[in-house]
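Trainee: Take a look at the following structure, please.
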Amino acid sequence: MEKLMEKRNLGIPVTLLTFLAFFIGYAMTVNYGTILAAVLYAFVVFSFQFDDKVKAALKQSYILSFVSILVYMGFDIFNQLVVMVSPADYTYNFLQRALNNVYKFGNAIINITVIVLFMIFMILALFRKDMKVGIISNVLGEGAPKPAPVYQQPVYQQSPYQQVPPQYNQPNPQPMPQYQQAPVQTQNLQPQNLAPAQEQAPQGVKCVNCGRINLPGAAFCATCGTKLQSN
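If you want the numbering used here, it's the 1-based position in the sequence shown plus 192.
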């Protein structure tokens, strides 16, 4: 929590600096000669990068002071116009008295309003509280941004007379019949009338000694030399 005498900027407490900003702003509304002092104070605050709280208080104070000065100038112009259009003898002039009363009471109300506003700002500065005026915040660009407009999309309701395109019932395609191919049965075809190779081979002369079959017409065995017996 910020203390009242806590030093922040050039050895001066922030609370006193904010109070001084509002005091100088009120002084400008009373005496225009203090404008030079106000300019020098603003130069010091922004040149030495004082605390943001001091800068914000200085902006609010000066803007409020300038608005008040403009209102005072408007009342002074109104008073001068009244003097110009009024005759010299205004003691018995009802219009002159009415306009003077408007200027007098209006100027008094503006004085009271300015004094109360600056007094509230200075008291809040001593209690370390911030107060923002809507008009001043908008001028400084610190006001709350306006929410973006939300556009609701139109909802289209279907008309009861809306024609629905006809839907034709197409026949369901029937599956094609699947034919199962019968397995080919392979039979072991063996020649029935084929004789073994040995039976088809020409019969020779068999040796009675070693069993060799010799060529037909042979007289002796080609292996053991035994004499073959012809059939």
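All C-beta atoms in this analysis are idealised placements derived from N, C-alpha and C, irrespective of residue type, glycine included.
With DSSP as the reference, label Lys245 as helix, strand or coil.
Mentor: helix
Trainee: Alpha helix (DSSP H) containing Met314: first to last residue?
Mentor: Phe286 to Leu318
Trainee: Of all the options Ala249, Met276 and Pro408, which has the alpha carbon lying nearest to the alpha carbon of Ile212?
Mentor: Looking at the sequence itself, residue 212 is Leu, so the reference to Ile does not match. Measuring from the Cα of Leu212, the nearest candidate turns out to be Ala249.
Trainee: Tell me whether Gly203 is buried or exposed, calling it buried when 16 or more other Cβ atoms sit within 10 Å of its Cβ.
Mentor: exposed
Trainee: Is Gly298 near Phe258, with beta carbons less than 8 Å apart?
Mentor: no
Trainee: When DSSP builds the beta bridges, which residues end up paired with Ile227?
Mentor: BP columns for Ile227 are empty, so no partner.
Trainee: Applying the 10 Å Cβ sphere with the 16-neighbour rule, what's the burial state of Asn385?
Mentor: The pLDDT assigned to Asn385 is 49, lower than 50, so where the model puts this residue is not dependable, and the model offers no usable value.
Trainee: Cα separation between Tyr224 and Val294?
Mentor: 24 Å
Trainee: Measure from the alpha carbon of Phe214 to the alpha carbon of each residue in Gln272, Lys245, Phe412 and Phe240, then state which is nearest.
Mentor: Lys245
Trainee: Within this structure, are the beta carbons of Leu262 and Gly217 separated by less than 8 Å?
Mentor: no
Trainee: Reducing DSSP to helix, strand and coil, say where Lys251 ends up.
Mentor: helix
Trainee: Classify Cys402 as buried or exposed, calling it buried when 16 or more other Cβ atoms lie within 10 Å of its own Cβ.
Mentor: exposed
Trainee: Would you mind giving the Cβ-Cβ distance between Asp243 and Val206, rounded to the nearest angstrom? I have them listed as a contact below 8 Å.
Mentor: Confirmed, about 5 Å.
Trainee: Is Thr210 near Val306, with beta carbons less than 8 Å apart?
Mentor: Not closer than 8 Å, so no.
Trainee: Give me whichever residues DSSP pairs with Val397 in a beta bridge.
Mentor: Asn406
Trainee: Distance check for Pro408 and Thr418, CA to CA, integer angstroms please.
Mentor: Taking the CA atoms as reference points, Thr418 sits about 15 Å from Pro408.
Trainee: On the three-state DSSP scale, how would you describe Phe412?
Mentor: When DSSP states are grouped into helix, strand and coil, Phe412 belongs to the strand group.
Trainee: Closer than 7 Å by C-beta to Ala414: which residues in its own chain qualify, once you throw out the five before and the five after it? Chain order, please.
Mentor: Arg404 and Asn406
Trainee: Ala219 to Ala300, Cα distance in whole Å?
Mentor: 17 Å
Trainee: Which whole-angstrom value describes the C-beta separation of Phe313 and Ser260, a residue pair presumed to lie in contact below a C-beta threshold of 8 Å?
Mentor: The pair is not a contact, with the Cβ atoms about 12 Å apart (cut-off 8 Å).
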